[in-house]
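Below is one structure, written out as structure tokens, with a few remarks after it.
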Amino acid sequence: MRKDNTVWFMGNRYSVPLGTYVGTEKVVEILEAPLNVLVINDPETGQELARHDISIEKGRLIKNNNHGRDHSRGIGKYIETVAALFSNPSQAQEWLEVIRAQKPRYIRDQLQVIQKSIKDSNALVIERALHYCLRHNLFSATDFRDAVDHFIRLQQQEVLGRATTNDPIEIKPLEGADRSKLGTKPVVRSFEYYKELLEGSNLC
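Structure representation (structure tokens):
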């Protein structure tokens with residue numbers, strides 16, 4: 182791929198989105214699709230970068246007008262929005278800026294994945310996941326999502342563990358009690374018995 186974000190193919194230059202070339206050697210995959218269509222993919226991710234009709238002319242620049250736009254202008258604001266979802270926005274923003282520096286081409290997709298993971302979780306899990314990523318130098322949305330999933334499961338196990346600690350308590354008889362008498366049924370007296378007892382009758 183060329184530094185001007187174009188790909189040379191059979192005598193013509195075909196555009197890819199601005200920012201695809203980031204100052205280092207970039208390799209792309211070129212495919213000829215049916216109906217005389219040229220497809221340019223990122224071989225590392227499999228993502229389609231561009232699609233053009235193949236020109237039969239020579240020496241032309243075949244360009245998608247959308248490829249010349251700088252889509253990074255709104256990224257800074259997007260990063261601030263996502264960072265505000267964390268309990269420590271400044272720390273989160275620093276982490277997100279590293280992701281932006283490492284993955285400028287896919288930063289918007291990265292932010293979308295992180296934002297969705299946050300919305301599907303809770304504040305404690307989010308904080309744990311961010312600290313885990315920072316501690317292990319993990320700077321990608323998939324790493325953050327995996328960390329969130331891990332701490333969600335861990336939180337569920339903690340709740341379940343607390344719920345099962347209330348084991349049934351065995352009721353023990355008083356010390357020295359005769360266990361043989363525990364199953365003895367009480368004697369049932371009639372009402373007349375207690376009436377005569379109160380009146381002073383001799384029942385012996």
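Per the working numbering, the sequence shown starts with residue 182, numbered consecutively. The beta carbon of each residue, even a glycine, is placed where N, CA and C say it ideally should be.
| query | result |
| --- | --- |
| Which of the three DSSP states, helix, strand or coil, is assigned to Ile260? | helix |
| Which whole runs of the alpha helix (DSSP H) in the segment 278-355 are 4 residues long or more, in chain order? | 288-300, 304-316 and 322-344 |
| Give me the DSSP bridge partner(s) of Arg241. | Paired residue(s): none; Arg241 is not in a bridge. |
| For the beta strand (DSSP E) containing Thr201, list its first residue and its last residue. | Per DSSP, Thr201 belongs to no beta strand (DSSP E) and is neither H nor E. |
| Distance check for Ala273 and Ile352, CA to CA, integer angstroms please. | Reliability of the predicted coordinates at Ile352 is poor, the pLDDT of 48 falling under 50, and no value is obtained from them. |
| Looking only at C-alpha atoms, which of Ile333, Asp290 and Gln296 sits nearest to Ala265? | Gln296 |
| So, are the CB atoms of Phe320 and Gln293 less than 8 angstroms apart? | no |
| For His233, collect the residues of the same chain with a Cβ closer than 6 angstroms to its Cβ; drop the 5 residues on either side in sequence, then sort them by chain order. | Tyr195, Leu219 and Ile243 |
| Between which residues of its own chain and Pro270 is the CB-CB distance below 6 angstroms, once the five residues before and five after are set aside? | Ala264 |
| Within 10 angstroms of its Cβ, does Ala310 collect 16 or more other Cβ (buried), or is it exposed? | buried |
| For Glu278, which residues of its own chain have a beta-carbon under 8 angstroms away from its beta-carbon, when the five flanking residues on both sides are left out? | Ile260 |
| Alpha carbon to alpha carbon, what distance is there between Val208 and Glu275? | 29 angstroms |
| Looking only at its own chain, which residues have a Cβ that is under 6 angstroms from the Cβ of Asn386, when we skip the five neighbours before and after it? | Lying before the first or after the last residue shown, residue 386 is absent from the chain, which here runs from 182 to 385. |
| If I measure Cβ to Cβ from Tyr184 and keep anything under 7 angstroms in the same chain, skipping five residues before and after, which residues do I get? | The amino acid occupying residue 184 in the given sequence is Lys; Tyr does not appear at that position. Around Lys184: Tyr202. |
| Kindly give me the distance between the Cβ atoms of Pro285 and Gly200, rounded to whole angstroms, as I take these residues to be in contact under 8 angstroms. | 6 angstroms |
| On a Cα-Cα basis, can you pick out the residue from Asn247, Leu335 and Ala231 that is closest to Leu305? | Leu335 |
| Is Ser196 helix, strand or coil by DSSP? | strand |
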